[in-house]
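Data block below; observations after.
In my numbering, the protein residues as written are 10 to 113.
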């Protein structure tokens with residue numbers, strides 16, 4: 010599956026990047042392609058293009074604040090969790106997101 014994800018937290022420092030790293034590792038271990046955009050204290054990094062969003066099978070938001078430019082992902086299954094959950098159990102987050110996508 011092609012997965013795109015956005016991570017963000019209120020301060021945009023540690024949890025944003027920890028969640029991104031955990032999701033990347035988990036998705037790759039499960040055999041999926043993933044691109045993770047971080048929305049942190051210095052703005053949007055590794056931005057997901059509209060083309061990448063359109064080609065994605067599912068979207069994961071691991072965020073404790075509103076995701077910027079969320080409209081890029083309209084009509085896609087979006088799985089939303091807190092950043093902390095993605096950090097603590099990224100594999101379960103990816104698996105749950107895949108189940109959501111398969112139901113749609």
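A virtual CB, placed ideally from N, CA and C, is assigned to each residue, including glycine.
Q | Cβ shell of residue 104 (< 8 Å), same chain only, five flanking positions each side left out | A | 39
Q: Quick one: using the 10 Å Cβ neighbour count with 16 as the cut-off for buried, is residue 75 buried or exposed?
A: exposed
Q.
Using a Cβ distance threshold of 8 Å, determine whether the segment 47-65 contacts the segment 95-104, with at least three qualifying pairs required.
A. no
**Q.** Buried/exposed call for residue 43, threshold 16 Cβ in 10 Å
**A.** buried
Q: Pick out whichever of 49, 35 and 16 has its Cα sitting closest to the Cα of residue 93.
A: 16
Q) Taking residue 113 as the reference, which of 84, 35 and 50 has the closest Cα? A) 84
Q | Delimiting residues of the beta strand (DSSP E) encompassing residue 46 | A | 42-49
Q. Looking at the structure shown, is residue 103 part of a helix, part of a strand, or coil, going by DSSP?
A. helix
Q.
Can you list, in chain order, the residues of its chain with a C-beta nearer than 8 Å to that of residue 10? Leave out the 5 residues immediately preceding and following it.
A. 41, 42, 66, 67, 107 and 110
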